[in-house]
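All remarks here apply to the structure that follows.
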Amino acid sequence: MPWTPITTPNELDHEFWKSLNLSTDSMDKWVQNVNVLTLDEKVKEMLNSTDQDVGDDGHVEVMKIVFMIDASINILLNVLLFTFLVKYMARLKSKHVAKCFMNLQLSHLLFGVLLIVGQLVNHRYLQLITFGIVLQMFFAMMLKTLDQFIIIKYPYRYQRIQTRDLMFMMLATWLLTTFIILIIMFVADISNRQLTVILTFTIIISVLTLSACNFSVYVIARRHYVTIRGQYKKRSTGRIPKKPLLTCIAIVATFCLLWLPYLLHNVLFLGNVYVVGRSKLFSELVLFVASLNSIIDPVIFIWFNRDLKSELWSFKERNSTRRVKRPSLVNNNTDGSLLTKTEISS
128 MPWTPITTPN ELDHEFWKSL NLSTDSMDKW VQNVNVLTLD EKVKEMLNST
178 DQDVGDDGHV EVMKIVFMID ASINILLNVL LFTFLVKYMA RLKSKHVAKC
228 FMNLQLSHLL FGVLLIVGQL VNHRYLQLIT FGIVLQMFFA MMLKTLDQFI
278 IIKYPYRYQR IQTRDLMFMM LATWLLTTFI ILIIMFVADI SNRQLTVILT
328 FTIIISVLTL SACNFSVYVI ARRHYVTIRG QYKKRSTGRI PKKPLLTCIA
378 IVATFCLLWL PYLLHNVLFL GNVYVVGRSK LFSELVLFVA SLNSIIDPVI
428 FIWFNRDLKS ELWSFKERNS TRRVKRPSLV NNNTDGSLLT KTEISS
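Using the numbering used here, you'd call the opening residue of the sequence shown number 128 and step up by one each time.
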């Protein structure tokens with residue numbers, strides 16, 4: 128199961144019974160005879176969550192299959208696009224944009240792999256690595272957004288950015304993620320609640336960064352649209368380019384909409400509104416909706432990137448011409464007979 132910001136009932140069992148220091152028989156008798164209304168709040172949450180989880184087992188099994196399918200599509204789509212970008216990177220005009228997106232794709236790809244492994248193995252370290260990859264996804268998304276913002280806002284300064292500088296910034300995000308994971312694993316004893324605080328704070332920063340940068344891009348694109356609107360009205364087609372505006376809306380809307388349920392889930396948990404372990408199905412659903420972002424991002428990049436679309440179209444045309452077969456030498460005569468050697472040579 129992928130990492131969720133919820134302390135499981137098993138963890139509560141271990142901590143609570145360890146504090147009481149009772150034997151197994153005495154614990155069973157105590158649970159059977161005690162009045163539920165007089166229990167500690169933590170114990171009541173544990174019992175309620177256990178009762179609720181029994182009804183959710185069937186749904187959780189279905190969600191495991193859904194997660195496997197979702198992760199498989201994520202891996203297949205990102206591997207194909209990542210391979211295509213590596214092979215045809217030299218032909219693309221916007222190489223920096225493609226490299227930033229490849230950095231984001233690598234995070235999506237690892238997230239899909241960890242989703243599949245998480246359905247088969249449930250280990251603390253695996254959950255922490257998944258947590259780190261989710262952080263890296265947000266860092267890569269913010270880096271890609273800042274790259275687009277500099278292109279639009281400061282085009283002359285962007286020309287000074289070399290490939291080495293861009294690769295250094297990408298490497299810095301991965302090193303930061305690795306450092307956070309190692310600190311959590313071996314140095315700091317951080318609970319699930321503290322991990323939820325870190326992840327929720329990162330999501331909020333990502334949403335604010337995306338919204339601010341893309342809103343600035345929207346204002347610049349809108350200003351450019353108003354400036355050239357008169358020129359396009361004089362043309363017979365009457366078409367005015369609106370793709371920069373649609374690109375901003377698509378990037379911000381998909382990220383915010385898909386991660387909003389997960390953000391609300393974490394906020395409710397931190398605000399003690401959402402009971403610990405009350406519904407596994409709810410946690411699985413918000414995780415599934417958030418994971419769809421790994422599938423939709425490549426589609427958005429292909430759809431709104433004119434350079435990549437033209438290269439994909441050229442790749443399709445080249446493959447179609449290779450599959451053209453030679454004309455058959457059989458039944459070319461009107462009567463259905465074979466062609467003679469003289470007819471073939473002619």
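Built from N, CA and C at the ideal position, the CB exists for glycine as well.
Annotated three-state conformation of Asp-316 is coil, per DSSP.
By the CB criterion at 8 Å, Leu-385 and Ala-417 fall inside the cutoff. In this structure Tyr-389 is buried. Its beta-carbon is surrounded by 16 or more other beta-carbon atoms within 10 angstroms. If you look at Arg-251, you'll find it in the alpha helix (DSSP H) that goes 251-280. A distance of 8 Å or more separates the beta carbons of Leu-242 and Asp-424. Looking at the backbone, the Cα of Leu-337 and that of Leu-273 are separated by about 8 Å.
Here Ile-196 carries a helix assignment [DSSP, helix/strand/coil]. Across the structure, Ile-260 and Thr-354 are spaced so that their CA atoms are roughly 43 Å apart. The C-beta distance from Ile-279 to Val-344 rounds to 5 Å, short enough to fall under 8 Å. A residue is called buried when at least 16 other Cβ atoms come within 10 angstroms of its Cβ; Leu-326 meets this threshold and is buried. Here Ala-348 is not near Ile-427, since their CB atoms are 8 Å or more apart.
In the DSSP assignment, Ile-427 falls within the alpha helix (DSSP H) that extends over 420-431. Taking 8 Å as the cut-off, the Cβ atoms of Phe-228 and Met-264 do not count as close. Across the structure, Leu-236 and Gly-245 are spaced so that their CA atoms are roughly 14 Å apart. Inside the stretch 201-251, DSSP marks whole alpha helix (DSSP H) runs of 4 or more residues at positions 222-247, from first to last along the chain. Of Gly-398, Met-269, Glu-188, Ser-333, the smallest CA-CA separation from Leu-387 is found for Ser-333. Between Val-379 and His-392, the C-beta gap is not smaller than 8 Å, which leaves the two residues out of contact. Closest in alpha carbon position to Val-224, among Ile-277, Lys-407, Arg-284, is Ile-277. Taking C-beta separations shorter than 7 Å and ignoring five residues to either side along the sequence, the partners of Ile-307 in its chain run Gly-259, Leu-262, following chain order. For Ile-347, the secondary structure class from DSSP, reduced to helix, strand or coil, is helix. Residue environment for Glu-411: buried (at least 16 other C-beta atoms within 10 angstroms of its C-beta). Apart from sequence neighbours up to five positions away, the residues of its chain that approach Phe-382 with a beta-carbon distance below 8 Å are Met-268, Ser-333, Val-334, Leu-337, Asn-420, ordered along the chain.
In the three-state reduction of the DSSP assignment, Asn-399 falls in the coil class. In the three-state scheme derived from DSSP, where H, G and I count as helix and E and B as strand, Arg-284 is classed as helix. Around the beta carbon of Leu-302, fewer than 16 other beta carbons sit within 10 angstroms, so the residue counts as exposed.
By the criterion of a C-beta distance shorter than 8 Å, Met-296 is surrounded in its chain by Leu-270, once the five residues flanking it on both sides are discounted.
If the five residues before and after Val-193 are omitted, its C-beta is found closer than 8 Å to the C-beta atoms of Phe-415, all from its own chain and listed in chain order.
About 23 Å separates the beta carbons of Leu-397 and Met-190, which is beyond the 8 Å limit, so they are not a contact pair.
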